[in-house]
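Count the sequence shown with my numbering and you get residues 7 to 336, in order. Virtual Cβ for every residue (Gly too), placed ideally from N, Cα, C. Remember, predicted model here, so these are calculated numbers, not experimental data.
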Amino acid sequence: MSTTTLAAYLSQSTIPPRLADLVGAVAKGCVEISAQVRRGGAGQIMGALGSENVQGEVQQKLDVLSNDILLALCAEAEGLSAMASEEMETIHPVREVGPQGGYLLLFDPLDGSSNIAVNVSIGTIFSILPTPADSVGRAVTEADFLQPGRNQVCAGYVVYGPQTQLVLTLGEGVCAFTLDPECEDWVLTNPAMAIPAETKEFAINAANTRHWAAPVSRYVEECLAGVEGPRGKDFNMRWVASMVADVHRVITRGGVFMYPWDKREPNRPGKLRLMYEANPMALLVEQAGGASFDGTGDTLDAPVTGLHQRASVMMGSKAEIARLRDYHAA
Ligand code: AHG
Ligand code: MN
Ligand code: MN
């Protein structure tokens, strides 16, 4: 059986070569992160660093190491103009925007940091935006990044689990590659990921039940009521606490992932970040036939005001998101 590697996939004529080059650089960085993750306690990667990121979260050594790996490897991609990350307060310019325009890369270098110490799946999330038309011939600014998720030309994640997998969209469907650790090649293992329309599974941190908004409570209560309730079927619940792992399950076998606004901090839209968590995952979910919702509209259409802006997140099987939309409209 012949296999398709990521390099062969990216050489398709429909993918702009400079974009292919950048995606290849991100994937190369993730191979390196995967190697570090696998070393774990045998390497120098475990534990907290003693610093906080711009969101006031304690940085793990692996958060910063992963960030540094992506910064170093992606800067080599010629089409890249600048980067932004969960772990950096402001943007990291790379080069002036050339006459052909350039790309902006955003990432959550290590998603699910709380799972590092317990050896549970973690990941990397990334998003690629075009530089604005008026940026040619100058260095980009933070304002150039503030584009709606709908503008993304590529989004993806890598899950570091029992297998290391890269799930990718360039705006025409979603495919999955599995890292072959023997040769360090990404092998195409699913050319067309499709989220089943119907599901019996949902994911939400139930410890926050008392803080939820009424439409979210209604949705979850109806799932929990099972076969005797209005849904007429039993549901199952899963929560890994790594968005990458939870969304990967949803894209693979259906379901809903929610980290919605709640009353703990009423002025904060949610816990997760729009530009490097919600938006790339929303594009992947939509491209796999699902939908996403932020309590008001499609996540991908949400106005962007800041690099580290938070979002209310609901995404997954289309019918379930339609139901959540209805409950929010009621
Ligand atoms: P990060 O490690 O990049 O800060 O992201 C953690 C996020 C996300 O991956 C996960 O879904 C969520 O935090 C888990 O939050 P709780 O601990 O509140 O369940
Ligand atoms: Mn994260
Ligand atoms: Mn992170």
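- Counting C-beta pairs with one atom in each stretch, the region 231-243 and the region 271-285 have fewer than three that are closer than 8 Å, which means they do not touch.
- Within 10 angstroms of the beta-carbon of GLY108 lie 16 or more other beta-carbons, which makes it buried.
- A straight-line Cα-Cα distance of about 39 Å links ILE201 and SER57.
- From the listed residues GLY296, LEU111, GLN18, the smallest Cα separation to ALA203 is found for GLY296.
- By the CB criterion at 8 Å, ASP252 and PHE263 fall inside the cutoff.
- Counting only runs that start and end inside the region 29-90, the alpha helix (DSSP H) elements of at least 4 residues fall at 67-80.
- Placement of the Cβ of GLU58 at a distance of 7 Å or more from every heavy atom of ligand 2 is found.
- Beta bridge pairing from DSSP links LEU110 with ALA88, LEU135.
- Taking a C-beta distance under 8 Å as the contact criterion, GLN42 and LEU16 do not qualify as a contact pair.
- Between PRO266 and ALA90, the alpha-carbon positions lie close to 24 Å from each other.
- When C-beta atoms of the region 301-316 are compared with those of the region 280-293, three or more pairs fall below 8 Å, so the two segments count as touching.
- Buried is the label assigned to GLN66, since at least 16 other Cβ atoms lie within 10 Å of its Cβ.
- Considering only ASN121, GLU178, TYR163, the residue with the shortest C-alpha distance to LEU172 is TYR163.
- Distances taken from the Cβ of LEU77 to the heavy atoms of ligand 3 include none shorter than 7 Å.
- The DSSP assignment places complete alpha helix (DSSP H) segments of no fewer than 4 residues inside the region 134-169 at 148-151, in order along the chain.
- Looking from the CA of ASN73, the closest CA among ASN125, GLN169, ALA212, ILE131 belongs to ILE131.
- Taking the C-beta atoms as reference points, SER120 is found nearer than 8 Å to ALA247.
- Counting only runs of 3 or more residues that sit fully inside the region 257-298, the beta strand (DSSP E) segments are 262-265, in chain order.
- Beta-bridge analysis with DSSP links ASN196 to ALA182.
- Using a 10 angstroms sphere on the CB of MET243, the tally of other CB atoms stays under 16, which defines it as exposed.
- According to the DSSP assignment, GLU228 belongs to the alpha helix (DSSP H) that extends over 220-230.
- Distances from the CB of ASP252 to the heavy atoms of ligand 1 include at least one below 7 Å.
- Going down the chain, each residue whose beta-carbon is closer than 6 Å to a heavy atom of ligand 3 shows up: ASP69, GLU92, ASP114, LEU116, ASP117, SER119.
- The Cβ neighbour count for GLU148, taken over all protein chains shown within 10 Å, is under 16; the residue is labelled exposed.
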